[in-house]
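First up is the structure itself, then whatever we jot down about it.
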Amino acid sequence: MALLQAERMSVAFGGVQALVDVSFDVHEGEVFSIIGPNGAGKTTIFNCISRFYNLDRGVIRVKGKDISRVSPHAMAEMGVARTFQNIELFKKMTVIDNLMLGRHRSKRSNLVSEALFIGSVKRAEIRSREKAEEVIDFLDLQAYRTQQVKNLPYGIQKTVELGRALAMDPEVLLLDEPSSGLNMEETEDLAFWLTDIKEALGITIVMVEHNIKLVQDITDRVLALNFGAVITLGAAQDVLGDPEVIRAYLGEESDFASS
Amino acid sequence: MRFVMKRSYREDIQLFKYRSTFFWYLALIAGLVAMPAISDEYILSQLGFICVYAVGAVGLMLLTGYTGQISLGHAAFLAIGAYTSAILTAKGVPFVFALFAAGIVAAAAGIVVGLPALRLSGLYLAIATMGFGFIIEEILARWESLTGGHRGFYVDPASIGPIVFDTEARFYYLALTVLILTVLVARNVMRSPTGRALIAVRDSEVAAQAMGISLAWYKTIAFALSSFFAGLAGSLYAHKITFINPESFTRLVSIEFLAIIVIGGLGSLHGAVYGTAFIIFLPQLIGFTKGYLPEHLSDHPGLEPAVYGLMIVLFILFEPMGLYGRWLKVKYYFEMFPLYKKDTFRREKKYQKVERQ
Numbered sequence: 658m659a660l661l662q663a664e665r666m667s668v669a670f671g672g673v674q675a676l677v678d679v680s681f682d683v684h685e686g687e688v689f690s691i692i693g694p695n696g697a698g699k700t701t702i703f704n705c706i707s708r709f710y711n712l713d714r715g716v717i718r719v720k721g722k723d724i725s726r727v728s729p730h731a732m733a734e735m736g737v738a739r740t741f742q743n744i745e746l747f748k749k750m751t752v753i754d755n756l757m758l759g760r761h762r763s764k765r766s767n768l769v770s771e772a773l774f775i776g777s778v779k780r781a782e783i784r785s786r787e788k789a790e791e792v793i794d795f796l797d798l799q800a801y802r803t804q805q806v807k808n809l810p811y812g813i814q815k816t817v818e819l820g821r822a823l824a825m826d827p828e829v830l831l832l833d834e835p836s837s838g839l840n841m842e843e844t845e846d847l848a849f850w851l852t853d854i855k856e857a858l859g860i861t862i863v864m865v866e867h868n869i870k871l872v873q874d875i876t877d878r879v880l881a882l883n884f885g886a887v888i889t890l891g892a893a894q895d896v897l898g899d900p901e902v903i904r905a906y907l908g909e910e911s912d913f914a915s916s
Numbered sequence: 014m015r016f017v018m019k020r021s022y023r024e025d026i027q028l029f030k031y032r033s034t035f036f037w038y039l040a041l042i043a044g045l046v047a048m049p050a051i052s053d054e055y056i057l058s059q060l061g062f063i064c065v066y067a068v069g070a071v072g073l074m075l076l077t078g079y080t081g082q083i084s085l086g087h088a089a090f091l092a093i094g095a096y097t098s099a100i101l102t103a104k105g106v107p108f109v110f111a112l113f114a115a116g117i118v119a120a121a122a123g124i125v126v127g128l129p130a131l132r133l134s135g136l137y138l139a140i141a142t143m144g145f146g147f148i149i150e151e152i153l154a155r156w157e158s159l160t161g162g163h164r165g166f167y168v169d170p171a172s173i174g175p176i177v178f179d180t181e182a183r184f185y186y187l188a189l190t191v192l193i194l195t196v197l198v199a200r201n202v203m204r205s206p207t208g209r210a211l212i213a214v215r216d217s218e219v220a221a222q223a224m225g226i227s228l229a230w231y232k233t234i235a236f237a238l239s240s241f242f243a244g245l246a247g248s249l250y251a252h253k254i255t256f257i258n259p260e261s262f263t264r265l266v267s268i269e270f271l272a273i274i275v276i277g278g279l280g281s282l283h284g285a286v287y288g289t290a291f292i293i294f295l296p297q298l299i300g301f302t303k304g305y306l307p308e309h310l311s312d313h314p315g316l317e318p319a320v321y322g323l324m325i326v327l328f329i330l331f332e333p334m335g336l337y338g339r340w341l342k343v344k345y346y347f348e349m350f351p352l353y354k355k356d357t358f359r360r361e362k363k364y365q366k367v368e369r370q
């Protein structure tokens with residue numbers, strides 16, 4: 658069974674058809690990329706899966722369960738974690754606190770026990786901290802542990818956001834343009850981490866990405882979109898070589914000739 | 014400079030970062046306990062007020078400073094607490110129960126106000142909470158059979174068993190105890206998962222949801238906690254003044270509370286207490302300067318609100334981190350001496366971010 662299943666999903670904002678009958682399956686343990694020019698509807702897909710948008714038509718299933726009635730915050734409970742295109746970190750908190758927030762779904766304490774900060778709360782805090790430290794080790798964030806996120810360089814913020822999603826212990830990781838704004842070295846690190854996340858941690862990755870080299874290097878299957886509709890879906894090599902995809906990205910030769 | 018060698022995560026979640034901090038807090042409490050021995054009735058009365066207001070200010074700090082939900086109607090929660098406690102004690106309920114009941118009734122009201130707040134934010138929320146303040150003020154004035162209307166309500170001094178808190182010193186101890194417990198509870202909540210979730214709601218609602226934080230639930234918790242403390246403060250206030258009427262809980266009180274947390278420094282519990290001390294002593298300061306002002310200015314009833322407003326504006330302009338931020342800077346200066354840089358706390362300009370998106 659597919660881990661994540663989208664069936665003929667359609668979304669319109671007023672007169673703009675953001676998604677038209679988009680269907681795809683994401684299998685467990687694969688890296689699945691969504692590509693397409695700006696405005697193709699890539700982030701809209703993510704926002705639908707995160708339940709920030711409602712579908713007009715169609716169904717999304719996570720582990721076979723229809724999520725159309727699940728509230729946004731319950732998606733974390735279903736094992737879906739995500740990052741955002743324009744970094745949505747908790748800026749005034751430290752890196753470690755951001756990661757600890759990733760552990761929020763493991764919270765079992767209630768307000769009264771927290772007000773007294775009793776033993777069980779302390780132990781849960783320490784467990785969360787241990788998990789957060791594992792993420793810090795994994796992503797080499799040791800140097801930034803107690804720094805406020807807003808003071809960190811952009812690339813590190815991106816990494817912290819990836820770390821926060823990892824701290825959630827997800828089954829599916831939705832990454833919205835993980836390499837945007839990163840320099841070449843940072844992008845290489847990212848490719849390395851993503852491969853590790855897939856292979857060592859066994860987390861399924863769905864990503865929206867513009868860096869074709871990154872897509873080519875680490876992705877199993879690619880979905881290409883344009884104007885909200887699927888152009889093609891298949892193995893990375895085939896999709897990236899598809900003339901339709903190339904035309905969507907680069908335009909037609911005759912466009913240049915006529916201008 | 015100080016470095017702390019930490020050997021376990023348990024050490025990292027201690028209440029006090031350094032052992033010396035613990036010592037200083039002990040010294041502070043000892044000093045506060047010794048206050049009645051060295052100060053006169055008037056000062057004690059003011060200190061009592063500071064403790065009472067600080068309880069409410071800690072409440073508003075949780076809501077506005079940490080969760081980012083503005084409230085311009087906090088006086089209403091104070092009023093609900095005050096009247097609940099006054100009516101219950103008049104019916105013979107022991108003070109301790111009345112105090113808790115005041116908190117709980119106020120918290121219930123907070124939840125009711127919080128419900129529309131789930132859909133409102135920013136200015137709209139400010140207006141909605143202000144509207145709530147008006148409603149409560151009006152109810153208190155009109156429901157004469159219960160509240161005594163504008164004639165007001167006489168309240169007995171607080172008492173626990175045989176101890177009656179009828180002198181300034183005794184009341185001061187009572188209020189101080191409640192304040193210390195309040196700050197402890199607030200601190201504990203803020204360093205546990207719930208507190209982090211509240212800050213997360215303030216910093217980014219989308220990301221908070223993606224982390225599995227239910228906005229509705231945590232905003233409701235913030236309103237409930239905040240109005241619980243406001244209710245406690247209201248109860249203490251009623252038993253200190255021993256007379257309450259709707260005029261004790263007007264818009265101006267709500268604005269005073271907002272001024273307290275802005276001046277103290279949004280997002281810090283220390284700030285709530287510092288801000289309270291500042292605002293309580295501000296009228297004395299104004300009274301002191303009145304002698305030097307021209308008559309038409311010193312007699313003007315709008316002088317105090319104007320000064321509050323001016324203070325908020327000045328703090329926002331020149332010290333957005335408030336009194337607590339100022340204190341941090343001074344402390345940092347001495348810790349780093351002689352390496353302190355003037356720009357350490359300057360807000361970083363984010364050219365970088367815009368450039369790279």
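Protein sequence lines, in the order shown, are assigned to chains A and B. Just so you know, we're using the working numbering here: the first sequence kicks off at 658 and counts up by one. Just so you know, we're using the working numbering here: the second sequence kicks off at 14 and counts up by one. No residue lacks a Cβ here, since even glycine has one placed at the ideal position from N, Cα and C.
Query	Result
Pull the bridge partners of valine 673 (chain A) from the DSSP assignment, please.	A:Phe670
Taking 8 angstroms as the cut-off, decide whether the C-beta atoms of threonine 844 (chain A) and asparagine 868 (chain A) are in contact.	yes
Which residues bound the alpha helix (DSSP H) around arginine 200 (chain B)?	181 to 203
Assign tyrosine 353 (chain B) to one of three DSSP states: helix, strand, or coil.	coil
Ignoring anything shorter than 4 residues, give me the alpha helix (DSSP H) runs that lie fully in the segment 112 to 171 of chain B, in order along the chain.	135 to 155 and 157 to 160
What does a CB cutoff of less than 8 angstroms around aspartate 754 (chain A) pick up in its chain, not counting 5 residues either side in sequence?	Phe747
Rounded to a whole number of angstroms, what is the C-alpha to C-alpha distance between leucine 45 (chain B) and histidine 283 (chain B)?	16 angstroms
Taking just the CA atoms, how far does alanine 669 (chain A) sit from serine 916 (chain A)?	Legend: pLDDT at serine 916 (chain A) = 48, less than 50; position of this residue unreliable, no value from coordinates given.
For leucine 29 (chain B), which residues of its own chain have a beta-carbon under 6 angstroms away from its beta-carbon, when the five flanking residues on both sides are left out?	A small correction: the amino acid at residue 29 (chain B) is phenylalanine; leucine does not occupy that position in the sequence shown. Within the same chain, phenylalanine 29 (chain B) has close Cβ partners Phe35.
If you follow the alpha helix (DSSP H) that asparagine 921 (chain A) is part of, which residue opens it and which one closes it?	The question about residue 921 (chain A) has no answer, for chain A in this structure spans 658 to 916.
Mind pulling the chain B residues with CB within less than 8 angstroms of serine 707 (chain A)?	Gln222 and Ala223
Return the chain-ordered list of same chain residues with a C-beta closer than 8 angstroms to the C-beta of proline 694 (chain A), the five sequence neighbours on each side being excluded.	Asn883, Ala905 and Tyr906
Chain A beta carbons: is any one of them nearer than 8 angstroms to that of valine 198 (chain B)?	yes
Between methionine 735 (chain A) and the rest of its own chain, which residues show a CB-CB distance below 6 angstroms, the 5 nearest in sequence each way excluded?	Val719
Which residues of chain B have a Cβ atom closer than 7 angstroms to the Cβ of arginine 739 (chain A), listed in chain order?	Ala223
Taking C-beta to C-beta, are glycine 69 (chain B) and leucine 91 (chain B) nearer than 8 angstroms?	yes
Hey, valine 168 (chain B) and histidine 252 (chain B): beta-carbon distance below 8 angstroms or not?	yes
State the Cα-Cα distance for the pair threonine 207 (chain B) and phenylalanine 709 (chain A), rounded to the nearest angstrom.	23 angstroms
Grab me the residues of aspartate 723 (chain A)'s own chain with a C-beta within less than 6 angstroms of its C-beta, minus the 5 sequence neighbours each way, in chain order.	Val716
What residue does the beta strand (DSSP E) around threonine 80 (chain B) start on, and which one ends it?	No beta strand (DSSP E) contains threonine 80 (chain B), which DSSP labels as neither H nor E.
Check each candidate in A:Val769, A:Leu851 and A:Lys807 and name the one with the smallest Cα separation from methionine 750 (chain A).	A:Lys807
Alpha helix (DSSP H) containing leucine 279 (chain B): first to last residue?	No alpha helix (DSSP H) holds leucine 279 (chain B); DSSP gives it neither H nor E.
Could you have a look at isoleucine 753 (chain A) and say whether DSSP puts it in helix, strand or coil?	helix
When you compare the segment 44 to 61 of chain B with the segment 231 to 242 of chain B, are there three or more beta-carbon pairs, one atom per stretch, that lie closer than 8 angstroms?	no
Anything in chain A within Cβ reach of alanine 285 (chain B), meaning under 8 angstroms, just list it in chain order.	In chain order: nothing, as chain A lies at least about 17 angstroms away.
Can you tell me which of A:Ser837, A:Leu758 and A:Asp794 puts its alpha carbon nearest to the alpha carbon of aspartate 216 (chain B)?	A:Leu758
Just the Cα atoms here: how many angstroms apart are arginine 739 (chain A) and serine 690 (chain A)?	14 angstroms
Can you name, in chain order, every residue of its own chain whose Cβ lies under 6 angstroms from the Cβ of arginine 665 (chain A), other than the five neighbours on each side?	Asp678, Ser680 and Gly715
Quick one: grab the DSSP three-state call for serine 261 (chain B).	helix
Please report the distance separating the alpha-carbon of valine 872 (chain A) from that of leucine 660 (chain A).	20 angstroms
Compile a chain-ordered list of the residues in the segment 722 to 749 of chain A whose CB is closer than 8 angstroms to at least one CB of chain B.	Ser728, Pro729, His730, Ala731, Met732, Ala733, Glu734, Ala738, Arg739, Phe741, Asn743, Glu745, Leu746, Phe747, Lys748 and Lys749
The beta strand (DSSP E) that contains valine 688 (chain A), what's its start and end?	688 to 692
Measure from the C-beta of alanine 213 (chain B) to each C-beta in chain A and report whether the shortest distance is under 8 angstroms.	yes
Reducing DSSP to helix, strand and coil, say where glutamine 59 (chain B) ends up.	helix
Between which residues of its own chain and lysine 19 (chain B) is the CB-CB distance below 8 angstroms, once the five residues before and five after are set aside?	Asp25
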